[in-house]
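The next block holds one structure in the form of structure tokens; read it before the comments.
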Amino acid sequence: MVQKPRMCRQTETPPRLQPDISLSKRKRESLRPALSRLLPQVEKPVRYIGGELYASPSTAAKSPLDVALVYPDLYDVGGSNLALVILYDIARRLPGVQVERAYLPWVDMISLMRAHDLELFSLESCVPLASFDLIGITLPHELAGTNILELLDLARIPLHADQRGEDAPLVIAGGPVAYNPEPFVEFFDALCIGDGEEVFAEVLTLVRDLKQEGVGRRQILQALAKLPGVYVGSQPKPCIERRVLADLDGYPVVTQPCLPFVETAQDRFSVEILRGCARGCRFCSAGMLNRPVRERSATTIVRAVISGLSKTGYNEAALASLSSSDHSQIAQIVRRLNGRYAESDVKISLPSQRLDVFGSVLAQLTSAHQKKGTLTFAPEAGSQRLRDVINKNVSEQDLIQAISAAYRGGWRRCKLYFMIGLPTETDADIIAIARLANLAYDTAQEAVPEKQRSQVRLSLSCAVFVPKAHTPFQWCGQPSRLELDRRVRLLRSSGLKKRIDLKWHDPAASQIEAVVSRGGRPIGQLIEQAWRRGARFDAWSEQFVPAAWHEAAQALGLDLEQLAGATLSLDSPLPWDFIDSGVTKNFLVAEYQRAFHEQTRADCTLTSCSSCGVCQRPTIRTRLAQSRRDRQEHTRQLAGDSARTARAQEAALEPVKLGPPQAHLMKANFVETGFAASDFVEPSTEPKPAKSDFAEPLS
Amino acid sequence: MSDFRLRINFQKLGKLRQLSHLELARALERCVRRSGLPYAISQGFSAHMRHSFSAALPVGTASLDEYMDLELTSFVPPKAAVSALQQVAVFGLPILGACYVSPNEPALQATRCLANYEVELCDPEHDLADQLLAALRSTLEIIVRKKGRPRSYHLPDLLEVTQTRRLVASAPDLCRLFMPITLTEGGSLRPELILEAVAPAGRSLEIVDIIRISLRAQPDLLEHKGEHR
Ligand code: SF4
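Structure representation (structure tokens):
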């Protein structure tokens, strides 16, 4: 898709902040008549009507605490977000709390709303967002910043926490990006760090009670700042401990989520079968920030799926988590559920699978309908050396076995995820991606009967490495955009088979992600200035306007290339140092150093504790439904003994001796292997790679 | 084809008029699954519920009289089926009644029906309704763009003779037109497209609301309609 130039926001409909909005409380009045007039003019009006099964009833009445939960993107994207499902459920169970939802409207609706003076409304009662007492916004990724400003502006809530008056809603954030709160702190009255199940009810109860006592905004914020896991920008604390839900199995699964009419990104009933992942990929913030691993038991999961499907009527249940195939009882769970739904049109899906445990057992267990879909695996790097650097702990043999098992088992479509720009990456590693993909393609071809070979599809999806706060790679820089472009071109000319589809993330957007991910307070300014220059929906490739960000950076004297690309020294203070994720900095440093020695670290759920620090808190420990080691044995026997497992175990047993890192690997610059940029065609006339959704296949 | 083809009569009301045909179908499928009715599934690689719908309603159009044929694997008394569906229905998609129809009967989409639409539009000068009525009665040929291409239609084939109009007492600036439009397997035209095609030159129509009030066929789509309501 070709990028359409977009005018700066100032020349379109100007955002308007009502100067008087902070002085008087916005009334809880229905905006439905005004909204109805706009609906015939927008794409998918169903996004804005509410009325879903299991949503809170619509009411004009004020409750002791009116709460709006907001996802800073389209309903189609956020409508099935599991975190919001859980928070909504927590809120609606609390006495004296009325909870509603809102999403950012699509650009067509936003323009109409500005033109017709309609402010952002809640879905259930269609009342102004500004009339709520508390607005909870989830921060799903680094590119959501401008959308947050867009929605605050549309809701006519002052953008900055310190501009909000006594009657303005308290705007509170949470979610994965809140672990580095500084870039966002000026926009929120408070940020919650950690599992929402632990902290959200406490926040709501506290605010509800204080409001009822007539306590003012300042005192409410002071009280909030005293809650563990809550960060109030105006009341800094030396350390904020991430809140951790100790026992996931004991926490009830939400079996009556709001049922969107819109077809959402995950249009199915989801059960979180486990939380956390201790595989320890060194670039992955989700893996570091959700430790320890906590599983739900097979029986809890099977019961939840049966109950959820019968209450929602979905025809698909997803066994969701960061790494679902790692569940110690996964084979049993899938077997029980497939048995139960064998004669029906209900499918059970396993969204994230590790290729090293995708044994032939799982391939056979998963139902026939699912095999029509795309199976995804993430080797992340092309060479074993680089996979060891990032601690992926999968081997080429694992991939070949998984691909072979999958295509023999009936799948015809597979997608492989890779990352470019990883620390220590050389041209040889990039070429290895193409080689590995070709090998996977040949394996797939061999695994299917001759007549069906034309049905074999394999696609590659290449993300760009983004250094993330709280990971061992937080100190590493991202290669420059020019360099990333060159690596993409190198990959494209590395002899990748024509029949393999290749898509990649836009390096320009990934650079912004890197800047925000490791940013401090000044990055909040950057987000605001970029938004004022027209940036919004930055995660949508066709909406992303790099120029807005560059102009904003220029105006503020910031160098994006330098911010994203800087290699930080291990002892430099980091803006997120005061957030205690549980994983110690010593562990991150050790992992960083092991990376550059190409030494892996085994998964603590398969071997023994590697002392990351999370389980030092009382009650917090890895909770597995059964030992994973037995299952690992089982998988190994079935899939053939893999080199990876042996290596992982060796790594776990052998104490690592760290010498001085190899100089050429520590250098941020890139090792050339005889390819020059001029060897490759300039991609200027090519379709722009889709960012968030890889919507545009490149032929 | 299963022996038990249950024809379900439902409505699409209020805010839910904004559902597209696909969204409506998905919402009703979920309603059927929640109800626990023994629905039949298609054989083959990707199993799905066996059902079919009456002519698709456009986004934004409400309806008081819609039909869905659902194949069941065993007999459930219509009253019991209706009450099972009613218990789990979404507000805005109420279930009115049901009866079994012969498996040999033509599909709902293939049944020639007469759809009665009520169109409410702004008529501040109280002249538009008369002009539109006169135009609808006298025009023979209309040109409508469908999928970007102009197509010509013989209006008397599409629109039944009588159209009445009624001014709404509480909102004198609005008028209502009743438009009985024939639906055939080959398709039909939406009332707003017909109105736009015959509108007096230079006048833009401000349509406030469109409701499909009934769907008639010979014989009736739902026998003994009152019985299961
Ligand atoms: S403290 Fe040990 S057992 Fe707990 S998550 Fe970290 S490595 Fe695993």
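Chains A and B supply the protein sequences, listed in that same order. The numbering of the first sequence is this note's numbering, which starts it at 1 and goes up by one. The numbering of the second sequence is this note's numbering, which starts it at 1 and goes up by one. All residues carry an ideal CB built from backbone N, CA and C; glycine is no exception.
- Beta-bridge pairing by DSSP links B/HIS51 to B/LEU70.
- Under the Cβ criterion of 8 Å, B/ILE41 is counted among the residues facing chain A.
- A/VAL107 and A/ALA428 have their alpha carbons spaced roughly 43 Å apart.
- Spanning the alpha carbons of A/PRO449 and A/ASP442 requires a straight line of approximately 13 Å.
- Counting other Cβ atoms within 10 Å of its Cβ, B/GLU141 stays below 16 and is therefore classed as exposed.
- B/ASP65 places its beta carbon 8 Å or farther from that of B/ARG7.
- In the three-state DSSP reduction, A/ARG101 falls in the strand class (E or B).
- The three-state reading of DSSP puts A/LEU375 in strand, counting E and B together.
- Counting only Cβ-Cβ distances below 7 Å, A/TYR314 has contacts in chain B at ARG30, in chain order.
- In this structure, the CA atom of A/ARG296 is about 19 Å from the CA atom of A/VAL614.
- Annotation: Cβ neighbours of A/SER310 in chain B (cutoff 7 Å, chain order): ARG34.
- Counting other Cβ atoms within 10 Å of its Cβ, B/SER138 stays below 16 and is therefore classed as exposed.
- At a cut-off of 4 residues, the continuous stretches assigned as alpha helix (DSSP H) that sit fully inside the stretch 58-120 of chain B are 78-88.
- In the DSSP assignment, A/GLY174 falls within the unbroken beta strand (DSSP E) covering 170-174.
- The distance from the Cβ of A/ARG268 to that of A/GLU316 is about 4 Å, consistent with a contact at the 8 Å cut-off.
- When DSSP reads this structure, A/ARG623 sits in a beta bridge with A/ARG294.
- Note on geometry: alpha-carbon atoms of A/LYS585 and A/ARG243 lie some 18 Å from one another.
- Per the coordinates, the alpha-carbon of A/VAL199 lies some 59 Å from the alpha-carbon of B/ASP220.
- When C-beta distances to chain A are compared with 7 Å, the residues of the stretch 85-100 of chain B below that value are VAL90, PHE91 and GLY92, in chain order.
- Think of a sphere of 7 Å around the beta carbon of B/ALA201: no beta carbon from chain A falls inside it, the nearest being about 23 Å out.
- Looking from the CA of A/ILE348, the closest CA among A/HIS327, A/TYR314 and A/PRO33 belongs to A/TYR314.
- The three-state reading of DSSP puts A/ASP388 in helix, counting H, G and I together.
- Among the CB atoms of chain A, none fall inside 8 Å of the CB of B/GLY148.
- When B/SER63, B/PRO58 and B/ARG33 are compared, the shortest CA-CA separation from B/ARG50 is found for B/ARG33.
- Annotation: A/LEU490 to A/LEU526 spans about 32 Å, alpha carbon to alpha carbon.
- Going by C-alpha positions, B/LEU158 is about 25 Å away from B/LEU174.
- For A/GLU52, the closest C-alpha among the options B/GLY44, B/ARG30 and B/VAL59 is that of B/ARG30.
- Counting only residues of its own chain and dropping the five nearest sequence neighbours on each side, A/THR264 has a CB closer than 7 Å to the CB of ASP76, GLY79 and SER80.
- DSSP places A/ALA34 in the helix class (H, G or I) of the three-state scheme.
- Neighbours of B/GLU23 across chain A, judged by C-beta separation under 8 Å: VAL46, PHE261, VAL262 and GLU263.
- Within the same chain, GLN219, ILE220 and ALA223 come within 8 Å of A/LEU210 by CB-CB distance, once the 5 residues on both sides are set aside.
- The beta carbon of B/GLN18 falls within 8 Å of a beta carbon belonging to chain A, placing the residue at that interface.
- The beta carbon of B/ALA81 does not come within 8 Å of any beta carbon belonging to chain A, so the residue lies off that interface.
- Of A/ILE86, A/ARG623, A/ARG629 and A/SER627, the smallest CA-CA separation from A/ARG294 is found for A/ARG623.
- One finds ILE49, GLY50 and GLY51 in chain A with Cβ atoms closer than 8 Å to the Cβ of B/LYS15, taken in chain order.
- With respect to chain A, the C-beta atom of B/ALA27 has a partner C-beta closer than 8 Å.
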